[in-house]
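A quick write-up on the structure given underneath.
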Amino acid sequence: MFEMCKEILEKVSFDKSLFRKELYKSIRWIKKDELLALRVWCVATFGHVYQDVISEAFDSLPMS
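The opening residue of the sequence shown carries number -8 in the numbering used here; numbering runs sequentially from there.
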């Protein structure tokens, strides 16, 4: 699932609203133990463009 999420995010990275939508979907679908890896990958790959979207999405996660 992690690899599929990465592929989808790469494909929609040309549009901020699509990227936001797919990032939220990815966060819901991915296993909890892969969330940190997804966040690190997102920041490394798209942080220069979508840092605000990435922070918003991951900071909205409930603490558990």
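All C-beta atoms in this analysis are idealised placements derived from N, C-alpha and C, irrespective of residue type, glycine included.
Quiz item: Where does residue 17 land, buried or exposed, given buried means 16+ other C-beta within 10 angstroms?
Solution: Classification of residue 17: buried, given that the 10 Å Cβ count is 16 or more.
Self-check item: Rounded C-alpha distance that separates residue 7 from residue 42
Solution: If I take the Cα positions, the gap works out to 11 Å.
Exercise. Specify the secondary structure class of residue 18 as computed by DSSP and reduced to three states.
Key: DSSP, read as helix, strand or coil, puts residue 18 in helix.
Quiz item: Rounded C-beta distance between residue 32 and residue -3? I'm assuming under 8 Å.
Solution: Sure, about 6 Å apart at Cβ, within 8 Å.
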